[in-house]
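Written out below as structure tokens is the structure these notes cover.
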Amino acid sequence: MAKEIIRPAFATDFHFHDECQLVYIRSGAGTRIIGGSIEHFEAGDLTFVGPRVPHVWYSKPKLEDSENPDVSIALYINPVKIVENLKPFIDTQSVKSFFQQSTRGISIIGSKKEAMTSLLQNMIHQKNVSLLASFIQILDLLLDSEELVWLNGASLLSAYSNDAQGRVAQLMDFIQQNFRTEITLEKAASVTGLQIHSFCRFFKSLTHRTFSDFINEVRVGFACQLLQHSDIPITQVAFESGYSNISYFNRSFRKIHRITPREFRAQMSALP
Numbered sequence: 078m079a080k081e082i083i084r085p086a087f088a089t090d091f092h093f094h095d096e097c098q099l100v101y102i103r104s105g106a107g108t109r110i111i112g113g114s115i116e117h118f119e120a121g122d123l124t125f126v127g128p129r130v131p132h133v134w135y136s137k138p139k140l141e142d143s144e145n146p147d148v149s150i151a152l153y154i155n156p157v158k159i160v161e162n163l164k165p166f167i168d169t170q171s172v173k174s175f176f177q178q179s180t181r182g183i184s185i186i187g188s189k190k191e192a193m194t195s196l197l198q199n200m201i202h203q204k205n206v207s208l209l210a211s212f213i214q215i216l217d218l219l220l221d222s223e224e225l226v227w228l229n230g231a232s233l234l235s236a237y238s239n240d241a242q243g244r245v246a247q248l249m250d251f252i253q254q255n256f257r258t259e260i261t262l263e264k265a266a267s268v269t270g271l272q273i274h275s276f277c278r279f280f281k282s283l284t285h286r287t288f289s290d291f292i293n294e295v296r297v298g299f300a301c302q303l304l305q306h307s308d309i310p311i312t313q314v315a316f317e318s319g320y321s322n323i324s325y326f327n328r329s330f331r332k333i334h335r336i337t338p339r340e341f342r343a344q345m346s347a348l349p
């Protein structure tokens, strides 16, 4: 199923489902979390989320009557049904292997992204054989590993269960609502209903990061939006992103992006 999604902002709960999901961002910008990958996204972003991989796209809420809503196109794929239905026609081992590997999350770049976004945008208007033909072309492009960037070093399936979904959704919503203020381990643990020691173990198994590292990545991702889309001073960017110490902000930013906030802003300004 392919559908266009138009909202004032991307702000669904951190969640997962049995279907794979190919997502193209037509307009909007914010923070994208896929498994343990936390990155800034903007218009043109194309990603593939494997089955049962926790994910969410967050952006700053807008007024309901905004003339510039956030728009995405999503293609939902049931990997089990696809493999079963293709068996009479092809050797499905490569398809099955791709879906298994896709639990790491994928960013799609280059000429492949251009081809796939064109097909994806056509699919929301197609039916029957035309729709199927576009899907097969997308699947063929996905099976070629060129211009695919893996977002996580390993699958996160073993770290996330149905029982934990509500707990994780509450936690991620809490983080997104409060990352610009001080968030203590005690408060985060209380949101999940866990003791601090259990919370730290649970969070590390979920994200492959410590809680403080995760918060830093969310804050730096938000800072990237401000650096790219505003001209406010870097000191104010740091404060708006939840940092009370500019030196710590600069260290955190350099650790993640290997450049300073000032260098990042200069690079973004130089883009066409």
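Its first residue numbered 78, the sequence shown is counted upward by one per residue in this note's numbering.
Built from N, CA and C at the ideal position, the CB exists for glycine as well.
Looking only at its chain, what residues have a beta carbon closer than 8 Å to the beta carbon of residue 104, apart from the 5 residues adjacent to it on each side?
Hits under 8 Å: 120, 145, 146, 147 and 148.
Own chain, CB closer than 8 Å to residue 98, minus 5 neighbours either side, in chain order:
Hits under 8 Å: 125, 126, 132, 151, 152, 153 and 154.
For residue 213, does the three-state DSSP call read helix, strand or coil?
Reduced to three states, the DSSP call for residue 213 is helix.
Return the Cβ separation of residue 229 and residue 181 in integer angstroms, given the expectation that the two are a contact with Cβ distance under 8 Å.
That pair is a contact at about 4 Å.
Cβ shell of residue 312 (< 8 Å), same chain only, five flanking positions each side left out:
Closer than 8 Å at the Cβ level, and outside the excluded window around residue 312, lie 323.
Say whether the region 272-281 touches the region 156-176, bearing in mind that this needs 3 or more beta-carbon pairs closer than 8 Å, one atom from each stretch.
The answer is no - the region 156-176 does not touch the region 272-281, with fewer than three Cβ pairs under 8 Å.
Anticipated Cβ contact below 8 Å, residue 197 with residue 106, distance rounded
In fact, because the Cβ distance is near 19 Å, the residues do not count as touching under 8 Å.
Looking at the secondary structure, which residues open and close the beta strand (DSSP E) in which residue 79 lies?
First-last of the beta strand (DSSP E) with residue 79: 79-84.
Considering only residues of the region 257-290, which uninterrupted alpha helix (DSSP H) runs meet the minimum length of 4 residues and lie entirely inside it, listed in chain order?
Listed in chain order, they are 262-269 and 273-284.
When you compare only the Cα positions, how much space is there between residue 251 and residue 112?
The alpha-carbon atoms of residue 251 and residue 112 are separated by roughly 17 Å.
Using the Cα positions of residue 114 and residue 205, report the straight-line distance between them to the nearest angstrom.
Whole-angstrom Cα-Cα distance: 36 Å.
Counting only runs that start and end within the region 84-169, where is the beta strand (DSSP E) found for 3 or more residues in a row?
DSSP runs (the beta strand (DSSP E)) wholly in the region 84-169: 97-104, 107-111, 114-118, 123-126, 132-135 and 147-154.
8 Å contact criterion, which residue 300 and residue 318 should meet: CB distance rounded
4 Å between Cβ atoms; contact.
How many angstroms separate the CA atom of residue 81 from the CA atom of residue 334?
Approximately 32 Å between the Cα atoms of the pair.
Beta strand (DSSP E) segment containing residue 225, residue limits:
It spans 225-227 - the beta strand (DSSP E) in which residue 225 sits, taken as one unbroken run.
Could you tell me the alpha carbon to alpha carbon distance between residue 171 and residue 183, rounded to whole angstroms?
A straight line joining the alpha-carbon of residue 171 with that of residue 183 spans about 16 Å.
If I follow the unbroken alpha helix (DSSP H) through residue 195, where does it start and stop?
Element bounds for residue 195: 187-200.
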